[in-house]
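Numbering (the working numbering), first residue to last: 6 to 463.
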């Protein structure tokens, strides 16, 4: 029997797994902002999604990014499946259905985030003009089903495609037809993490409602404001959704570790290849290792833990930072305003404390109920004696105060709070992006979804 422990690696203890999260702690002066956004690409002529290699396809998009904008290719075997920009510490990756995703740099402020996405969107717009394709920033495909989408030849996605139908009804839809914007923020220590994790989990449905942007399925209205949210609700309950322990005052790194230990594994990575350990839990793998069909034994490493954490999909995910994952994809101003509201609330202690006071009595079941109500009725919901609209006005105002106190200015002497303006507009008009799309569908588009493609949503 060959023992496949990675060279210079030791089998970790549970304490090592907990300490992995401690190692992510940073001084507030070193806090960064990471922003990620996914988009759909389509042919302007046929309005069909572009595929991987059929021209013009994703490979053509990547080749232009390499040739014209100096990105470097990332391969899975012989297939190009992503790009890197080592100088700026950022990547472009592909989701399973060909959604193109920018995982942005670790920015020190929102002005940098804004400039980064302006540059990226300029590159995508150039490519769209060159290849006669378009880009959609929506939370879910407005017309296409997953069978029509690209099947990106990435080994981990092949494994996930085989596993998803076993654990939920909509896993393949989620993989191929959904798109999101997410924001990644730091914590200073375990206590700071605990407060931020609870606040982020409680606020996720409320913040996300301002970004609902996917009312369509198969060219028709669903009656919901976020079809993306509906699909995620029946993807894989072991690894998705709202985590009950987050609503405990004493939630900590140990709690997240215990949760992650019990989630079935997708794969490990050894010698340039993915190995599927029969979807045992990480706890089982840590205790017993895994023997494959060839009799080779594999033992757990910290690298395996890091890989496993990336295959968990709760609404707020912990790595060595916090990922807020609840929002539909959108256009440029939507992306920056999402990063802005979270930054203002999480990186200002007064704002964070005020929000914590408001949400401190909310329970896991309260938030689950709230999410369902918001997806149906949007900003018109009442929750635990509050009008959701009033709650959101308070949260956006607290974020504005937090950003103002950061007092980080751009070349026009403007502070970061300027990026919250789209949210004040949503709340003033009492219309989410999905509400606007529904109105357009009925009033201007003659109940036809086709005009949505002309907007491109960059």
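Backbone N, C-alpha and C define an ideal beta-carbon position, used for all residues, glycine too.
Just reading off the beta strand (DSSP E) that residue 44 is part of, what are its end residues?
On the chain shown, position 39 is the one that residue 44 refers to. For residue 44, the uninterrupted beta strand (DSSP E) run begins and ends at 38 to 48, by DSSP.
For residue 209, is the classification buried or exposed, using 16 other Cβ atoms within 10 angstroms of its Cβ as the cut-off for buried?
The residue labelled residue 209 in the question sits at position 204 within the chain shown. Looking at its Cβ environment, which holds 16 or more other Cβ atoms inside 10 Å, residue 209 is buried.
Here's the rule: buried if 16 or more other CB atoms are within 10 angstroms of the residue's CB, otherwise exposed. What is residue 219?
Along the chain shown, read from residue 1 onward, the residue named residue 219 stands at position 214. Burial call: buried.
By Cβ distance, which residues of its chain are closer than 7 Å to residue 414, with the 5 residues on each side in sequence left out?
As a first step, residue 414 is located in the chain shown; it is residue number 409 there, counting from the start. The residues are 420.
Within 10 Å of its beta-carbon, does residue 283 have 16 or more other beta-carbons around it, so buried, or fewer, so exposed?
To locate residue 283, count along the chain shown from 1; it is residue 278. By the 10 Å Cβ count, residue 283 comes out exposed.
State the start and end residues of the unbroken alpha helix (DSSP H) segment that holds residue 233.
Counted from its first residue, the chain shown places residue 233 at position 228. Following the DSSP letters along the chain, one finds residue 233 inside the alpha helix (DSSP H) bounded by residues 232 to 237.
Run through DSSP, which three-state label would residue 275 get?
As a first step, residue 275 is located in the chain shown; it is residue number 270 there, counting from the start. Looking at residue 275 - three-state DSSP - the assignment turns out to be strand.
Would residue 201 pass as a contact of residue 329 if the rule is Cβ separation under 7 Å?
Taking the first residue of the chain shown as position 1, residue 201 is located at position 196. Taking the first residue of the chain shown as position 1, residue 329 is located at position 324. In this structure, residue 201 sits away from residue 329, with a CB-CB distance that is not shorter than 7 Å.
Measure the CB-CB distance between residue 121 and residue 110 and report whether it falls below 7 Å.
In the chain shown, residue 121 corresponds to position 116, counting from 1. In the chain shown, residue 110 corresponds to position 105, counting from 1. Their beta carbons are under 7 Å apart, which means residue 121 touches residue 110 by this criterion.
Decide if residue 80 is buried, meaning its Cβ has at least 16 other Cβ atoms within 10 Å, or exposed.
Taking the first residue of the chain shown as 1, we reach residue 80 at position 75. With fewer than 16 other beta carbons inside 10 angstroms of its own, residue 80 counts as exposed.
Do residue 549 and residue 119 have their CB atoms nearer than 7 Å?
Here the chain has residues from 6 to 463 only, and residue 549 is not among them.
Candidates 151, 256, 185: closest to residue 42 by CA position
Position 37 of the chain shown, counted from the first residue, corresponds to residue 42. Considering only alpha carbons, the answer is 185.
Beta-ladder partner(s) of residue 183, from DSSP:
By 1-based counting over the chain shown, the position of residue 183 is 178. Partner(s): 145.
Residues near residue 244 by beta carbon distance below 6 Å, same chain, minus five either side
Stepping through the chain shown from its first residue, residue 244 is reached at position 239. The beta carbon of residue 244 is closer than 6 Å to those of 268, 317, 318 in its chain, skipping five residues each way along the sequence.
Where residue 64 sits in the DSSP three-state scheme:
Residue numbering aside, residue 64 sits at position 59 when the chain shown is read from its first letter. Three-state DSSP puts residue 64 in a helix.
Assuming residue 290 contacts residue 164 under a Cβ cut-off of 8 Å, what Cβ separation, rounded to an integer in Å, is found between them?
Counted from its first residue, the chain shown places residue 290 at position 285. Counted from its first residue, the chain shown places residue 164 at position 159. About 15 Å separates the CB atoms of residue 290 and residue 164; that is not less than 8 Å, and the two are not in contact.
Are residue 305 and residue 16 close, meaning C-beta to C-beta below 7 Å?
Your numbering for residue 305 matches position 300 in the chain shown. Your numbering for residue 16 matches position 11 in the chain shown. At a Cβ-Cβ threshold of 7 Å, residue 305 and residue 16 count as neighbours.
Cβ neighbours of residue 18 in the same chain (closer than 6 Å, five flanking residues each side left out):
Stepping through the chain shown from its first residue, residue 18 is reached at position 13. Here the set comprises nothing.
When we look at the beta-carbon of residue 390 and count the other beta-carbons within 10 Å, is it buried (16 or more) or exposed?
Counted from its first residue, the chain shown places residue 390 at position 385. Burial call: exposed.
For residue 422 versus residue 409, is the C-beta distance shorter than 7 Å?
Start at 1 with the first residue of the chain shown, and residue 422 comes out as number 417. Start at 1 with the first residue of the chain shown, and residue 409 comes out as number 404. Cβ distance < 7 Å, so residue 422 and residue 409 count as in contact.
Per-residue DSSP class, three states only, for residue 16:
As a working mapping, residue 16 is identified with position 11 in the chain shown. Annotated three-state conformation of residue 16 is coil, per DSSP.
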